[in-house]
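**Q** Below you will find the structure I want to go over with you.
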Amino acid sequence: MKILTTIKELQEARNKIEGSVGFVPTMGALHDGHISLIRKARAENQTVFVSIFVNPTQFLPGEDLDAYPRKEQADKKICEMCKVDYLFMPDATTMYGEDEVLIKAPSKSYILEGKTRPGHFDGVLQVVLKLFGLVQPTNAYFGKKDAQQLSLIQQMAKNLFLSVNVVPCDIVRESDGLAMSSRNIYLSKEQRRDAIAISKSLYTAAALVSKKEFDIETIKSRMLQVMENLDVEYIAFVNREFNELKQIEVGNSIILIVARFGSVRLLDNMWI
């Protein structure tokens, strides 16, 4: 594995590559969810790039960029274990200049996660577009856990006529069902135990749908019963284009949850 830190190093490496390129952009603190993306990229491409960059433009005022978990040495070992070819680890001055071209996310970026964090997705799309331009991937791999982010990246690739194939990848969970996230390390033992109710509520919803219950209010009520001890920020029912649903459409629905544990927000969802 070769570690790259400059634009010149990356471009020189990319110019020598032939065949398919798989790319997994991350902010580091890698866990089994990231590993599943990297392994899928490795299985489906001749060359694999991973980037680790804690992107400052997607953090809003008041959000503590400096507190984001960083595990540089462990991340390098994980990438080596997964047989990554190139690991790109730039700093902010490498990725951004003084007078940047700004990216404006579409209107649907201001619902759900974008309503809580207005402007967040502008920064996400800005850095992803930069990384796509640098790596020029054949396939880029993103987890379904950040479903709204995934949808917006897919829309950007379509609207800007990018040649990259954006590959959605299934959520990876802990043995007790909790969706893997870099934020999980901030949970206390009690919060970690309580957080299992998030995935349990989604399994409850799936069970109801399997019994032909498609009424959203009924499903939402049952989910809230399961999460009665949690601070639920929202439960949303949308289709794959992130339009609000009036009832479940099997094969075209996503149920999204955000719950708060003090200052920690946990996201989870189920695609139905």
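Letter 64 of the sequence shown, counting from 1, is numbered 64 in full-length UniProt numbering, and no numbers are missing. Even glycine gets a Cβ: it sits at the ideal position worked out from N, Cα and C.
In angstroms with no decimal places, state the Cα-to-Cα distance between Val232 and Leu267.
**A** When rounded, the distance between both Cα atoms is 10 Å.
**Q** Within 8 Å, do at least three Cβ pairs link the region 140–151 to the region 66–76?
**A** Judged by Cβ distances under 8 Å, the region 66–76 makes no contact with the region 140–151, as fewer than three pairs qualify.
**Q** Got a sec? Which residues, its chain only, sit under 6 Å from Ser20 by beta carbon, not counting five neighbours each side?
**A** Contacts found: Asn45, Gln46, Thr138.
**Q** Cα separation between Phe237 and Ser253?
**A** Cα to Cα, the separation comes out at about 7 Å.
**Q** For a minimum of 3 consecutive residues, which ranges assigned as the beta strand (DSSP E) are wholly contained in the region 133–166?
**A** DSSP runs (the beta strand (DSSP E)) wholly in the region 133–166: 139–143.
**Q** To which residues of the same chain is Ile17 closer than 7 Å at the C-beta, ignoring the five residues directly before and after it?
**A** Taken in chain order, the residues that qualify are Thr47.
**Q** On a Cα-Cα basis, can you pick out the residue from Gln155, Leu112, Asp91 that is closest to Ala259?
**A** Out of Gln155, Leu112, Asp91, Leu112 has the C-alpha closest to the C-alpha of Ala259.
**Q** Cβ of Phe59 less than 8 Å from any chain B Cβ?
**A** The displayed structure is made up of one protein chain only, and chain B is not part of it.
**Q** For Asp176, which residues of its own chain have a beta-carbon under 6 Å away from its beta-carbon, when the five flanking residues on both sides are left out?
**A** Once the five neighbours on either side are set aside, the close Cβ partners of Asp176 are Ile196.
**Q** Hey, quick one: how far does the alpha helix (DSSP H) through Gly33 stretch, first residue to last?
**A** Start and end: 32–44.
**Q** Where does Lys130 land, buried or exposed, given buried means 16+ other C-beta within 10 angstroms?
**A** When all chains shown are included, Lys130 counts as buried.
**Q** Counting only runs that start and end within the region 75–130, where is the beta strand (DSSP E) found for 3 or more residues in a row?
**A** Listed in chain order, the complete beta strand (DSSP E) runs (minimum 3 residues) inside the region 75–130 are 86–88.
**Q** Give me the Cβ distance between Phe23 and Ala41, rounded to the nearest whole Å; I'm assuming they're in contact under 8 Å.
**A** Yes, Phe23 and Ala41 are in contact; Cβ-Cβ is about 7 Å, under 8 Å.
**Q** Specify the secondary structure class of Thr204 as computed by DSSP and reduced to three states.
**A** Helix.
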